[in-house]
Amino acid sequence: MSADSQSLPGLEAGDARRAWTAVLHDWVTTVDHKKLGMMYIGSGIVFFVIAGIEASVMRAQLAFPENDLVSPEVFNRLFTMHGTSMVFLVGMPIIIGFGNYLIPLMVGARDMAFPRLNAWGFWMFLFGGLLLYFSFLGSSGLYGSGTAPDVGWFAYVPLAGKAFSRGNATDYWILGILISGFGSLAGAINMITTTITMRCKGMTLGKMPLFVWLMLVVSFMMLIALPPLTAAQVMLLFDRFMSARFFDTNAGGDAVLWQHFFWFFGHPEVYILMLPGFAYASEIIPVFSRKVIFGYTVMVAATICIGFVSLGVWAHHMFAVGMARELNIWFSFATMLVGIPTGIKLFNWIGTMYGGKLRLQVPMLFCIGFLVQFLIAGLTGIMLSAVPFDWQLTDSYFVVAHFHFVLIGGLLFTIFGAIYYWFPKMTGLMLSERLGRWHFGLFTLGFQMTFLTMHVQGLLGMPRRVYTYPADRGWETWNLITSFGVIFQAAAVVVFVVAIVRAFRKGEPAGDDPWDAWTLEWSTSSPPPAYNFEEIPEVRSRRPLWDLKHPEDPDWRYE
Ligand code: HEM
Ligand SMILES: [Cu+2]
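First residue of the sequence shown: 840, per the numbering used here; consecutive thereafter.
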């Protein structure tokens, strides 16, 4: 928020309106990476609240057996919109937002390589998201007008085909994701080009912040994984509108082909979401441990390994479709293989904290929560990569618990940590440490109550996506605890929103470098000027600010 908008109060009504119009015009027409980054993150937070409400309604329905709070049709729409929104309208914009905001600052550049492409990408993302939600109003479904997509976030055929999904609900799912995907592709092209061509003097690849390395790998993964999804969606549109037969098994097509296409995108997608979380942890943990990252080069190598191997594991989502034994063995083995570079990273973060002077402030608390929960997520992932084990638990609540441990315990916790860490840089204001601790405490308690118990429902045989369940299966108490946990998570999100609003109203001034950190974004004012740097900096080590602050013992002596 620029200085002059804060002086709006007290202006004459006409002047205030003109001033607000000017602010709005400024943000709507901006091509500045910082503003676009904040708009991506802001939109992601709004969609998070909406998708969180969808999840809460589902858990209210499942709190008791044989409940009828919502109908099965509405329940199907809720998990479809929740899952689709969380992945494409929460995770993606927030990771692209942070990449957009931070990469030019971290490499010492004035903006992204293609500012107008950047702006186009943002509006494509937002238009795709709004189109998806317009489905609640626009599409004419079987149950009268206005139904959201109800085929699940991976829209398996033939359910998503014309025979079973009449009306336009599924077409909104296809088009909403397809169009918002342009935003991701534009972001990826910009992040790769900026990183490779716009680094300041002295910043060799070996001196880039880990954040920049991880976003580089993520961007390449987006360029590889997104187009197959787009191609499959176009084929599905052909099937739905022009009676093509790509996925129609009765007419020479193949329903399993859709699954291969979807998960060839879908699995790398979870790492496209997770690696940025690793990037936030790799920046925050060293600063709050007062130690350089343990094993910089190994971290980079592990990231590249994860990037590559995760492109070859997709069919571990399809162990139950009847693939050849050899294929099951390969996809099981490759999935276990990903555990190695991921495990290395966990050790490197723990190695960084070991012997450090830990400062347990809110960004660090969320990173520690991430470490513990991501370890659990990784372990259940290894369990599910064993084919016989997966045959027992595929499509059960054990799987729902596993991927929420990855996407909340992993990604969402690091996103919260990143927001508390970089909010001061973006706004010049501090978020309240006291409210942040409440946010962390309530969310961790609620998260564990909800998703740790879900593993048990799964082991007791409860399938996913059921809108209710009988009272005689021993699932009642577990479901009640699971749903109760959502109350704590919701309370934590309210505290988070209050913390943000309160910071904008009367937050403490942050100063340029409130955490005493070491990367270039902290060398600028908070918020940074439109042109980022008075003079393009020159760096000699991975910690340029440390060198500036400690000329007596600069890092470049050791690198
Ligand atoms: C914030 C707290 C959250 C709660 C309470 C929650 C709860 C739920 C529930 C109850 C379901 C439906 C399970 C079923 O009926 O099968 C679900 C599904 C799902 N959730 Fe979440 N979720 C949360 C956050 C997230 C986040 C952050 C992500 C991703 C970034 C996510 C991604 C998904 C996906 C992909 C599905 C599967 C949807 C489908 O079956 O089509 N959720 N979640
Ligand atoms: Cu997977």
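Note that CB positions come from ideal geometry on N, CA and C, so glycine has one too.
Since the structure is predicted, the reported quantities are computational estimates derived from the model, not experimental observations.
Around Val909, the same chain offers Gln900 as residues with beta carbons nearer than 6 Å, after the five sequence neighbours per side are excluded.
The alpha-carbon separation between Leu1268 and Asp1078 amounts to approximately 52 Å. For Ser1235, the three-state secondary structure derived from DSSP is strand. It is roughly 10 Å from the alpha-carbon of Tyr1308 to the alpha-carbon of Ala902. Between Leu1281 and Phe1244, the C-beta spacing is not below 7 Å. For Lys1184, the enclosing alpha helix (DSSP H) begins and ends at Arg1164 to Met1192. Of Ile1063, Phe1252 and Leu1270, the smallest CA-CA separation from Trp1102 is found for Ile1063. The DSSP-derived three-state label of Lys1001 is coil.
Inter-residue distance for Val1051 and Gly1000 is about 41 Å (C-alpha atoms, whole angstroms).
Taken atom to atom, the span from the alpha-carbon of Glu1398 to that of Trp1097 is near 49 Å. Contact holds between the region 1235–1243 and the region 1295–1315, because three or more Cβ pairs, one in each stretch, are under 8 Å apart. Counting other Cβ atoms within 10 Å of its Cβ, Trp1153 reaches 16 or more and is therefore classed as buried. For the set Ala1349, Gly930 and Gly1045, the Cα lying nearest the Cα of Tyr1259 is the one of Ala1349. Between Phe1127 and Ala994, the alpha-carbon positions lie close to 42 Å from each other.
Beta-bridge analysis with DSSP links Pro1390 to no other residue.
In terms of side-chain proximity, the C-beta atom of His1241 is found no nearer than 6 Å to any non-hydrogen atom of ligand 2.
In this model, Lys1184 and Glu905 are separated by some 44 Å (Cα to Cα). For the set Gly883, Leu917 and Gly1134, the Cα lying nearest the Cα of Phe927 is the one of Gly883.
Between the region 955–972 and the region 998–1017 there are three or more C-beta pairs closer than 8 Å, enough to call the two in contact. Secondary structure at Lys1040: strand, using DSSP grouped into helix, strand and coil.
Contact between Leu1049 and Met1138 holds: their C-beta atoms lie close to 6 Å from each other, under 8 Å.
Distances between the C-beta of Phe918 and the heavy atoms of ligand 1 include at least one below 6 Å.
By the Cβ-count criterion, Thr1283 is buried, with 16 or more other Cβ atoms from all chains shown falling within 10 Å of its own Cβ.
At a cut-off of 6 Å, the beta-carbon of His1106 counts as near ligand 2: some heavy atom of the ligand is closer than that.
In this structure, Met1293 lies near Ala1240, with their beta-carbon atoms less than 7 Å apart. A distance below 8 Å between beta-carbons, with the five flanking residues on each side excluded, links Phe1209 to the following residues of its chain, in chain order: Gly1116, Ala1120, Gly1248, Gly1249, Phe1252, Thr1253 and Gly1256.
Excluding its 5 nearest sequence neighbours in each direction, Leu1114 has C-beta neighbours in its own chain below 6 Å: Leu1053 and Val1057, listed in chain order. With respect to Gly1275, Val1201 sits close: the two C-beta atoms are nearer than 7 Å. Asp1229 counts as buried, since at least 16 other C-beta atoms from the protein chains shown sit within 10 angstroms of its C-beta. Proximity of the region 914–925 to the region 1337–1355 falls short of the contact definition, fewer than three beta-carbon pairs being nearer than 8 Å. According to DSSP, residue pairing for Glu1377 in a beta bridge involves Lys1040. Around the Cβ of Lys1040, a 10 Å sphere holds fewer than 16 other Cβ atoms; the residue is exposed. The DSSP-derived three-state label of Pro988 is coil.
Secondary structure at Pro1348: strand, using DSSP grouped into helix, strand and coil.
In this structure, the CA atom of Gly991 is about 8 Å from the CA atom of Met920. In the structure shown, Pro1227 adopts helical secondary structure according to DSSP, grouped into three states.
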